[in-house]
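Asks:
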Amino acid sequence: MTTRDPEQHSSDAKTAGYEGKNTPATDSAAQSGSARGSDITSWVSALAVAVIFAIGGWQRRWISDDGLIVLRTVRNLLAGNGPVFNAGERVEANTSVMWQYIIYVIAAVSSARLETIAIYTGLVFSVLAVAIAALGSAALHRSPGALFVPCGLLLYICLPPARDFTTSGLEWGLSIFWIAVLWFLMVYWNNARGRRDRTSSLPRSSYALAFWAGLSWLVRPELALYGAATIVVLLVIHRCWTLLAWAVPLPLLYEIFRAGYYGLLVPNTAVAKSASGSDWKQGWRYVLDFANPYWLWLIIPIAIIIGIAVFRADGRRTPLPVIIMVSCGVLHVLYVIRIGGDFMHGRMWLLPLFALVMPIAVVPIRFAHASSTRAQLSTIEEHSWQKRHEHSRAAQQPLVASAIIIIAGCASVGLWGIIRLCAGHPFTQPTTVADFKHLDIVDEREFWTTFTGHSAHDPLTRAEDFLAAPTMINYTGSLEGTIPHVDNSSHSGTPDHGLTTDGPHVQPFASVPTKPYKDIRFVWTPVPNFTSPEEKESLAKLGKKSSTVDDATSHYDDVLRTASGLDNTPVTVSYINLGMTSMNAPLDVRVVDPMGLANPLAARQSRQSNARIGHDKSLPLYWQLADSATPVADTPFWDSEKKVHAARIALHDSGFVSLFEAYRSPMSPSRFVKNIGFALTKGNSLAFSSKPSDYTTKTTTDDAQPNSVPVIQWGHKTKLDSNKRLPRSLRPGYTAPKTTVFPDAETTEENHTIYP
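As numbered in this note's numbering, residues 2 to 757 make up the sequence shown, in order.
#1: Bridge partners of glutamate 90, per DSSP?
#2: On the three-state DSSP scale, how would you describe methionine 473?
#3: Along the chain, where does the alpha helix (DSSP H) that runs through arginine 649 open and close?
#4: Can you grab the Cα-Cα spacing for the pair leucine 183 / alanine 214, in whole Å?
#5: Valine 712 lies in the alpha helix (DSSP H); which residues open and close that run?
#6: By DSSP's criteria, arginine 591 is part of a beta bridge. Which residues make up the other side?
#7: Let me know the secondary structure DSSP gives leucine 148 once reduced to three states.
#8: Does any residue of chain B have a CB that is nearer than 8 Å to the CB of valine 220?
#9: Could you check which residue in Phe212, Leu681 and Ile614 has the C-alpha nearest to that of valine 233?
#10: Determine the DSSP secondary structure at serine 413, reduced to helix, strand or coil.
#11: Using the Cα positions of valine 590 and asparagine 87, report the straight-line distance between them to the nearest angstrom.
#12: Should the region 685–697 be regarded as contacting the region 650–666, the criterion being three or more beta carbon pairs within less than 8 Å?
#13: Considering only DSSP beta bridges, list what valine 443 is partnered with.
#14: My output table needs one value for aspartate 67: the three-state DSSP class, helix, strand or coil.
#15: Can you check which of these residues, Arg62, Ala113 and Gly89, is closest to proline 728 by C-alpha distance?
#16: Please report how far the alpha carbon of glutamate 751 lies from the alpha carbon of proline 471, in whole angstroms.
#17: Contact defined as beta carbons within less than 8 Å: I believe tyrosine 623 pairs with aspartate 640. What is the distance between those atoms, to the nearest angstrom?
#18: Could you check whether asparagine 269 and leucine 598 sit closer than 8 Å to each other, using their CB atoms as the reference points?
#19: Ends of the beta strand (DSSP E) at valine 267?
#20: First and last residue of the beta strand (DSSP E) that includes valine 363?
#21: What is the DSSP secondary structure of aspartate 551, counted as helix, strand or coil?
#22: Please state whether DSSP places serine 456 in a helix, a strand or coil.
#23: Below 7 Å, is the gap between the Cβ of aspartate 315 and the nearest heavy atom of the ligand ATP?
#24: Using only CA atoms, which one of Ala55, His142, Gly410 and Arg143 lies nearest to isoleucine 305?
#25: Please report the straight-line C-alpha distance between valine 574 and serine 583, rounded to a whole angstrom.
#26: Does DSSP put isoleucine 118 in a helix, in a strand, or in coil?
#27: Buried or exposed: where does aspartate 551 fall if 16 or more other Cβ atoms within 10 Å of its Cβ makes it buried?
#28: Does DSSP put threonine 736 in a helix, a strand or coil?
#29: Am I right that proline 161 and histidine 426 are in contact with their C-beta atoms under 8 Å? What's the rounded C-beta distance?
#30: Should aspartate 67 go down as buried or exposed, given a rule of 16 or more other Cβ atoms within 10 Å for buried?
#31: Could you work out which residue in Thr42, Trp417 and Ala404 is closest to alanine 135 when comparing CA atoms only?
#32: Might you give, ordered along the chain, the residues of its own chain that have their beta carbon closer than 7 Å to the beta carbon of aspartate 617, omitting 5 neighbours on each side?
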């Protein structure tokens, strides 16, 4: 066997270098150096976008009212009441299963405030998401000689809503993290598949990808689009049904639990917001609301051109991960338009936009295909130097053109991003009743920051910060008068009051549409369950009319409330902003909303035409009074005693009773099985009319007592917050902040009212 002198080998390599020839040594060294440069630029790009996003997200950190809704469920979990919004009512008021349990697990081992945990956990997930997305994109495009620069991720992180929802207390950080990891695993799986023979065993990454795709339904329901598409592709390519054993069990087990425990196949929020409905016109308005302020009509075509240039320069078929992610992103966009978008500016666009920029999260700049060019030149080694030179130039010309397009496009995206970072999002604070009445799509962060008297340097980060809103004047003080003060331990005392609501402030919206909002006073005023003569006299001074309920009807109502269990209903707060009211109330106070997020009765109302998206259901107040411990004789002056009486009778209709049994009756194995049947049949489709007359025409004035009354309220022994978890606004000595937004509101007359 002949051996080669190392010095001769070195000499040949040098000669080959001078002559333009290739040897294994020169190829290996060149490719190794190019690969190192490619790796370095991909990591630098990932780090750069992560740092920029972390700074931007921290600067715009906040907690939203909807984020506080999540934390109410976490409080009940920590106290031992279960995964519920109100103790004694099995209602899933949060869209993301994983998000609430992630916060719960962290809170169980940490003494940090729930708001702090939610804010910074969301920020960490968001920052990790952009870094992982960048590395996944680099892995897709990696080749010797490629230098990576941020592109699509710049487009995303420079948008104000993207930075707003890095925190907010909602699951958006977790959601983009899930998309980023899915993207990374898809690229890894695709690369591993390319290194194997199509008929060989599955790449191990297939199992990880299947498992992660299966989690989609638990992160956010609409992400099941991405998860299902991924699983279908895996099954079609590998024809291996064992992949389902990795993808299906966890979401299936939770779905069984959801059906048996809550009596639904989807979160209650999906029922409340009619996620299967359509409103294309409003959806298009949501497109314009997002696209126009940020010149997306200009920058998105540039991003598309960059993507085309990148994949043309690759010289290969469009990779499967790109097809999956882009297809799902486009379908997701159509879904958002179809359902009418959202009431929060930009929020629902963030997930499909993040998915669509994955293929160009970072982009490669290449002036030559190092390996392919060398391979082609080696086949014409014997040709003249001129022919080799001409061939090399011909091979590199398309790459140079693509590189120029990519560089120019990325520079345009960068310039646009700088402008957007400086400009922010234009926002005008509503000032009149008409403005508030016609609220449509709102920059949620700016609205609440302004409405509570906070600023960019003093963001909303705690539940009690919302007590500075004009609508929350005297809220906690009024609650103190509605229930007995009990130390932080389990108790089952009978509350002194029945229902707390926002009172008549809604009336001026219709009767005085031009009245300045600052001239309306919002005060929560307790009304006792059993009103004394002195208290009735005080209420009369506030404008409450004398009761017109006769003794027979009043007696009938007393018997009906007792027989049906409605007298067991805890003190109840009913208000449209569910987060701020619930997180500033004890756990033994029932908090519901007229839209239905935590109120199954409201969730099953018909959608109102031309109403604000996400707020287009409204349970009339007389239904809420009927479903409480409020005697009909104590109906507030701004509502109808007759309607309350009729609604209370209607609540004992079989349809209502089946719903109450599903989410209020004590849990047992038999109840769990019955709930699964309810969920599979009418759980999601059950709907109610807002007219009590559609269920009964019985006046009951001649009846001494009701016949055979079904139970619709069972009562519950509520466990309260531990000292560590008790909201600050409920601790002794706490003083609620005064509103600084409309100081004249202190001298006006409208009020919130607490009543049974």
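Heads up, the beta-carbon is just placed ideally off N, CA and C, and yes, glycines get one too.
All values reported here derive from a predicted model rather than from experimental measurement.
Replies: For this structure:
#1: The sequence position of residue 90 within the sequence shown is 89, counting from 1. Glutamate 90 is bridged by DSSP to Asn87.
#2: Position 472 of the sequence shown, counting from 1, holds the residue named residue 473. Methionine 473: helix per DSSP, three-state reduction.
#3: By one-based count along the sequence shown, residue 649 stands at place 648. Its alpha helix (DSSP H) spans residues 642–651.
#4: Sequence index remark: in the sequence shown, residue 183 carries index 182 (1-based). Sequence index remark: in the sequence shown, residue 214 carries index 213 (1-based). Each residue's Cα considered, the two are about 7 Å apart.
#5: For the purposes of this step, residue 712 is taken as residue 711 along the sequence shown, with counting starting at 1. No alpha helix (DSSP H) holds valine 712; DSSP gives it neither H nor E.
#6: To locate residue 591, count along the sequence shown from 1; it is residue 590. Arginine 591 pairs with Thr573.
#7: Translated into positions along the sequence shown, residue 148 becomes position 147. Under the three-state reduction of DSSP, leucine 148 is assigned to strand.
#8: The chain inventory of the structure shown lacks chain B, comprising one protein chain alone.
#9: Here the question's residue 233 lines up with position 232 in the sequence shown. Here the closest residue by C-alpha is Phe212.
#10: By 1-based counting over the sequence shown, the position of residue 413 is 412. For serine 413, the three-state secondary structure derived from DSSP is helix.
#11: For this step, residue 590 is matched to residue 589 along the sequence shown. For this step, residue 87 is matched to residue 86 along the sequence shown. C-alpha separation (whole angstroms): 8 Å.
#12: Touching, yes.
#13: Position 442 of the sequence shown holds residue 443. Paired residues: Met345.
#14: Residue mapping note: residue 67 aligns to position 66 of the sequence shown, counting from 1. Looking at aspartate 67 - three-state DSSP - the assignment turns out to be helix.
#15: Reading the sequence shown from its first residue, position 727 is the one you call residue 728. Minimum Cα distance to proline 728 is reached at Ala113.
#16: Position 750 of the sequence shown, counted from the first residue, corresponds to residue 751. Position 470 of the sequence shown, counted from the first residue, corresponds to residue 471. Any reading at glutamate 751 is ruled out, since the residue's pLDDT is 34, under 50, leaving its predicted position unreliable.
#17: Taking the sequence shown and counting its residues from 1, the one referred to as residue 623 is at position 622. Taking the sequence shown and counting its residues from 1, the one referred to as residue 640 is at position 639. Between aspartate 640 and tyrosine 623 the Cβ distance is about 5 Å, and since that is below 8 Å, they are a contact.
#18: As a first step, residue 598 is located in the sequence shown; it is residue number 597 there, counting from the start. As a first step, residue 269 is located in the sequence shown; it is residue number 268 there, counting from the start. The beta carbons of leucine 598 and asparagine 269 sit closer together than 8 Å.
#19: Position 266 of the sequence shown, counted from the first residue, corresponds to residue 267. If you look at valine 267, you'll find it isn't in any beta strand (DSSP E); DSSP assigns it neither H nor E.
#20: On the sequence shown, residue 363 is found 362 positions in, with the first residue counted as 1. Unbroken beta strand (DSSP E) run through valine 363: 363–366.
#21: On the sequence shown, position 550 is the one that residue 551 refers to. Here aspartate 551 carries a coil assignment [DSSP, helix/strand/coil].
#22: In the sequence shown, counting from the first residue as 1, residue 456 sits at position 455. Strand at serine 456.
#23: No copy of the ligand ATP occurs in the structure displayed, which carries no ligand at all.
#24: Locating residue 305 in the sequence shown gives position 304, where the first residue counts as 1. Taking only the C-alpha atoms, the option nearest isoleucine 305 is Gly410.
#25: Taking the sequence shown and counting its residues from 1, one reaches residue 574 at position 573. Taking the sequence shown and counting its residues from 1, one reaches residue 583 at position 582. When the Cα atoms are used, valine 574 and serine 583 turn out to be separated by approximately 8 Å.
#26: Position 117 of the sequence shown, counting from 1, holds the residue named residue 118. In the three-state reduction of the DSSP assignment, isoleucine 118 falls in the helix class.
#27: For this step, residue 551 is matched to residue 550 along the sequence shown. Per the 10 Å Cβ criterion, exposed.
#28: As a working mapping, residue 736 is identified with position 735 in the sequence shown. For threonine 736, the secondary structure class from DSSP, reduced to helix, strand or coil, is coil.
#29: By 1-based counting over the sequence shown, the position of residue 161 is 160. By 1-based counting over the sequence shown, the position of residue 426 is 425. Yes, proline 161 and histidine 426 are in contact; Cβ-Cβ is about 4 Å, under 8 Å.
#30: As a first step, residue 67 must be located in the sequence shown, where it is residue number 66. The residue is buried, with at least 16 neighbouring Cβ atoms inside 10 Å.
#31: As a first step, residue 135 must be located in the sequence shown, where it is residue number 134. Of all alpha-carbon atoms in Thr42, Trp417 and Ala404, the one lying nearest the alpha-carbon of alanine 135 is that of Thr42.
#32: For this step, residue 617 is matched to residue 616 along the sequence shown. Arg608 and Gln609.
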